[in-house]
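Here the first sequence stands for residues 186 to 291, numbered as in this note's numbering. Ideal Cβ placement from N, Cα and C applies to all residues, glycine included. Below is one structure; the comments refer to it alone.
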Amino acid sequence: MSDNTDNFRDRVYTVVAQIPKGHVMTYGDIAALCGSAYASRQVGQIAHFGPPDLPWQRVVNRHGGLASAYSFGGLDGHKAALEEDGVKITEDYRVESFDRLRWRPL
DNA sequence: TGAGTGACTGTAA
DNA sequence: CTTACAGCCACTC
186 MSDNTDNFRD RVYTVVAQIP KGHVMTYGDI AALCGSAYAS RQVGQIAHFG PPDLPWQRVV
246 NRHGGLASAY SFGGLDGHKA ALEEDGVKIT EDYRVESFDR LRWRPL
């Protein structure tokens, strides 16, 4: 289970770790970069069990909103974390100008 | 090997 | 606008 480093999971870690500050990505985008555009669900599960070293706070859903069961202290903590990165959050806990901050690897 | 699960997404009503 | 249903993939037991 840990022998393979070419796993989808490892790729997710790399992608999330490469998200620049002030930008965000969707689960679908990350999954697509990992090779599977429909593995968005898996990305979320990996994130929950993944290392807290990575900026999961920059990972949001297609709505540009925060995840449901976030563990950084709830939506409140997630919102604060994104603001620390320079990302503005609306009252609906959605990333403002999400479409504009959405990062894409060149 | 097989079945279950999930921090999702897209379309439909 | 919100709510509901179905589909897809990778990981764990």
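- The beta carbon of residue 243 is closer than 6 Å to those of 204 and 209 in its chain, skipping five residues each way along the sequence.
- By the C-beta density criterion, residue 240 is buried, having at least 16 other C-beta atoms within 10 angstroms.
- The residues 209, 245, 249, 250, 267, 272, 273, 274 and 286, in chain order, have a CB closer than 8 Å to that of residue 280 in the same chain once the five nearest residues on each side in sequence are set aside.
- Counting the other Cβ atoms within 10 Å of the Cβ of residue 214 gives 16 or more, which makes it buried.
- Here residue 209 carries a strand assignment [DSSP, helix/strand/coil].
- Beta bridge pairing from DSSP links residue 250 with 279.
- The beta carbon of residue 224 lies closer than 7 Å to those of 193 and 216 in the same chain, with the five residues before and after it left out.
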